[in-house]
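One structure is given below, encoded as structure tokens.
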Amino acid sequence: DRSIKIAPSILSADFANFGQEIQAIESQGADWVHVDVMDGHFVPNLTFGPQAVKAFRPHVKTVMDVHLMIAPVDPYIDAYADAGADVLTAHVEAGPHIHRTLQAIRGAGMMSGVALNPGTPAEAVAHLLDLTDVVCVMTVNPGFGGQKFIDMTGKIRALREMIGDRPIHIEIDGGVDPKTAPLVAEAGADVLVAGSAVFRGGSVEHPEVYGENIRNI
Ligand code: DX5
Ligand code: ZN
4 DRSIKIAPSI
14 LSADFANFGQ
24 EIQAIESQGA
34 DWVHVDVMDG
44 HFVPNLTFGP
54 QAVKAFRPHV
64 KTVMDVHLMI
74 APVDPYIDAY
84 ADAGADVLTA
94 HVEAGPHIHR
104 TLQAIRGAGM
114 MSGVALNPGT
124 PAEAVAHLLD
134 LTDVVCVMTV
144 NPGFGGQKFI
154 DMTGKIRALR
164 EMIGDRPIHI
174 EIDGGVDPKT
184 APLVAEAGAD
194 VLVAGSAVFR
204 GGSVEHPEVY
214 GENIRNI
């Protein structure tokens with residue numbers, strides 16, 4: 004039973020064809036669509052903002068999982084709610100008031116996510132669990148696709164322990180591929196983000212490659 008969800012990251016998609024790429028990965032089995040927002044400040048890269056995410060929304064039939072690699076977060080929460088984000092994930096490292104940020108995300112009607120960089124311990128979310136729908140464990144240092152997987156299985160197990168029977172997803176983000184996916188699934192992850200491992204070798208003209216790649220993860 005494939006209780007593991009695959010969330011392809013459109014950071015690895017063709018930046019001139021997001022609408023078609025989103026339709027392609029969803030038709031090929033994507034469970035969520037992972038949207039990487041980068042501000043060139045919190046991470047050394049810049050992608051797109053609320054207006055672009057709003058343009059993606061009509062093409063997303065599943066779940067639009069928006070990963071904010073930005074600081075500060077709070078001034079933009081309403082803009083991403085208006086853009087139609089289903090899940091809005093903020094980095095615990097993005098500022099001093101993550102507790103309030105998660106309250107505000109839920110208050111704006113979205114599922115709340117908190118992301119942990121590789122150097123941040125699982126305990127950072129100990130007092131956030133009742134405000135959290137998704138814990139996103141970074142297995143690369145954020146900013147780029149196609150990076151090498153950093154083993155965080157110990158942190159994933161610790162989180163599974165802390166979460167107990169709360170309905171919280173553990174999402175893994177970075178360097179997930181057919182080799183690393185089993186490791187993180189076994190440790191307790193249930194949503195796997197994959198950018199390069201899904202988009203490699205395919206295109207909007209050859210979406211069947213996306214389907215093959217998704218099934219191999
Ligand atoms: C990195 C992003 C990830 C990235 C994953 O900062 O948050 O979602 O796009 O890409 P891969 O799967 O290629 O590591
Ligand atoms: Zn991401």
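UniProt numbering numbers the first residue of the sequence shown as 4 and each following residue consecutively. Just so it is clear, CB atoms sit at the ideal spot from N, CA and C, and this is done for glycine as well.
L71 and N120 have their C-alpha atoms roughly 12 Å apart. Secondary structure at L131: coil, using DSSP grouped into helix, strand and coil. Counting along the chain, T50 sits inside no alpha helix (DSSP H), nor does DSSP assign it H or E at all. Placement of the Cβ of A197 at a distance of less than 8 Å from at least one heavy atom of the ligand DX5 is found. A distance filter of 5 Å between CB atoms and the heavy atoms of the ligand ZN selects the following residues in sequence order: D39, H70, D176.
Per DSSP, the unbroken beta strand (DSSP E) holding D176 starts and ends at 172 to 176. Using a C-beta cut-off of 8 Å, the stretch 166 to 173 makes no contact with the stretch 145 to 157, since fewer than three inter-stretch Cβ pairs fall below that distance.
C-alpha of G177 to C-alpha of K8: approximately 15 Å in a straight line. Ranked by Cα distance from D133, the first of V117, M141, T123 is V117. In this model, V128 and R103 are separated by some 13 Å (Cα to Cα). Set against 8 Å, the gap from the CB of M41 to the closest heavy atom of the ligand DX5 is smaller. The three-state secondary structure of K151, taken from DSSP, is coil.
Assignment of G116 by DSSP, reduced to helix, strand and coil, places it in the strand class.
Remark: the C-beta of P99 is outside contact range of the ligand DX5, defined as less than 8 Å to any heavy atom. Distance from the C-beta of A200 to the nearest heavy atom of the ligand DX5 is below 8 Å. About 13 Å separates the beta carbon of M165 from that of A190, a gap too long to meet the 8 Å contact definition. Per DSSP, L91 is one residue of the beta strand (DSSP E) stretching across 90 to 94.
DSSP places S6 in the coil class of the three-state scheme, outside both helix and strand.
P11 carries a strand assignment under DSSP once its states are collapsed to helix, strand and coil.
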